[in-house]
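Numbering (UniProt numbering), first residue to last: 1 to 349.
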Amino acid sequence: MATGKLPDAGQILNSLINSILLLDDDLAVHYANPAAQQLLAQSSRKLFGTPLPDLLGYFSLNVDLMRESLRAGQGFTDSEVTLVVDGRAHILSLTAQALPEGFILVELAPMDNQRRLSQEQLQHAQQVAARDLVRGLAHEIKNPLGGLRGAAQLLAKALPDPALTEYTKVIIEQADRLRNLVDRLLGPQRPGQHITQSIHQVAERVCQLVSLEKPDNVTLVRDYDPSLPEMAHDPDQIEQVLLNITRNALQALGAEGGTITLRTRTAFQITLHGTRYRLAARIDIEDDGPGVPAQLQDTLFYPMVSGREGGTGLGLSIARNLIDQHCGKIEFNSWPGHTEFSVYLPIRQ
1 MATGKLPDAG
11 QILNSLINSI
21 LLLDDDLAVH
31 YANPAAQQLL
41 AQSSRKLFGT
51 PLPDLLGYFS
61 LNVDLMRESL
71 RAGQGFTDSE
81 VTLVVDGRAH
91 ILSLTAQALP
101 EGFILVELAP
111 MDNQRRLSQE
121 QLQHAQQVAA
131 RDLVRGLAHE
141 IKNPLGGLRG
151 AAQLLAKALP
161 DPALTEYTKV
171 IIEQADRLRN
181 LVDRLLGPQR
191 PGQHITQSIH
201 QVAERVCQLV
211 SLEKPDNVTL
221 VRDYDPSLPE
231 MAHDPDQIEQ
241 VLLNITRNAL
251 QALGAEGGTI
261 TLRTRTAFQI
271 TLHGTRYRLA
281 ARIDIEDDGP
291 GVPAQLQDTL
301 FYPMVSGREG
311 GTGLGLSIAR
321 NLIDQHCGKI
331 EFNSWPGHTE
341 FSVYLPIRQ
């Protein structure tokens, strides 16, 4: 049976494993318990006076809806709040409740991993379905192209007036152009040729190629983890993936320029395609450009989706297909001033 003086509220909050914040009417932090300080990677002194929206990521918290709910005397919950710590995004559940004297109690909890995994699986299944649909259509388009091209060639030989062959030449050229597009829609047709080597060899080739293409106002930064072990992969396919993403970053920076960072790290205890791996390579490609438009973020890996005028929208779809063949995955986080694509590849030992 417990005896003695009851602990005060501060002692209780400090002992909780849940992250607790106390805000004022302006949503500025007045108190953060140790769990919140650890989650936000900042001390209580540094957090004091910081508005809550400034701690969270872009496109994250609906502040107006939160204020409206609290003014009505209701609690507020958002199960998908984005928290950015050291440039990486984390999904949290946020619960807020108004207190007397005008204060607001906020609880932050990491989103359940299983729920996040389910969302990733659903999104991936939708992308695979879209990709399969496009491939099916591509096959149907490709089949008559050979006949169309052959008929144009025969017609060119039979025409008595050489001037008329200019028209058959246009037909043949456009048929070839359409066939090339269809081949890109179908994606890589050969199985991967895996060899065991450092992923940094591929990263360096990508950096060398991009260095030749970039203007002077774009800085390319290498940040490699030297402890990353060698791993089995198809270097040509991984180069295609990394080069596509890096070129997208270069194009996103535009005339204003900026910085592109190619970073490698070791990921520990990660689940990829339903299999748990002790180690995986994580390759990040980060830029400080304008970010991916919000309306494109949910469909960015779908075929024919592009945020660039004149783009085919095939590069990222093909990239995801190649990474799928390696039993890996691609993730991205983006808001104005920051876009980061992360490629995960399992390291089998």
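Virtual Cβ for every residue (Gly too), placed ideally from N, Cα, C.
Residue 231: member of the beta strand (DSSP E) spanning 231-233, first to last residue.
The continuous alpha helix (DSSP H) containing residue 211 extends over residues 199-213. Note that the C-beta distance between residue 255 and residue 289 is not below 7 Å. Out of 96, 53, 66 and 273, the CA that lies nearest to the CA of residue 20 is found in 96. Secondary structure note for residue 44: its alpha helix (DSSP H) is the uninterrupted segment 44-47. Taking the Cβ atoms as the reference, residue 323 lies roughly 6 Å from residue 343, within the contact range of under 8 Å. Within the same chain, 29 and 32 come within 6 Å of residue 47 by CB-CB distance, once the 5 residues on both sides are set aside. Going by DSSP, residue 78 is part of the beta strand (DSSP E) stretching over 76-85.
DSSP places residue 346 inside the beta strand (DSSP E), whose first and last residues are 338-346.
Judged by beta-carbon spacing, residue 224 lies beyond the 7 Å limit of residue 275, meaning their Cβ atoms are not closer than that value. The count of Cβ pairs closer than 8 Å, one atom from the stretch 195-208 and one from the stretch 227-239, reaches three, so the stretches are in contact. By a beta-carbon distance limit of 8 Å, residue 179 contacts residue 142. Their separation comes to about 7 Å. The stretch 290-303 makes contact with the stretch 323-337; the number of CB pairs closer than 8 Å reaches 3 or more. Residue burial annotation: residue 61 is buried, with at least 16 other C-beta atoms found within 10 angstroms of its C-beta. The alpha carbon of residue 102 has as its nearest neighbour, out of 271, 35, 26 and 270, the alpha carbon of 26. For residue 277, the secondary structure class from DSSP, reduced to helix, strand or coil, is strand. The C-alpha of residue 155 is placed about 11 Å away from the C-alpha of residue 161.
Secondary structure at residue 33: coil, using DSSP grouped into helix, strand and coil. Taking residue 175 as the centre and dropping the five residues before and after it, the same chain places the C-beta of 145, 148 and 149 closer than 6 Å to its C-beta, in chain order. Where residue 97 is concerned, the enclosing beta strand (DSSP E) starts and stops at 88-98.
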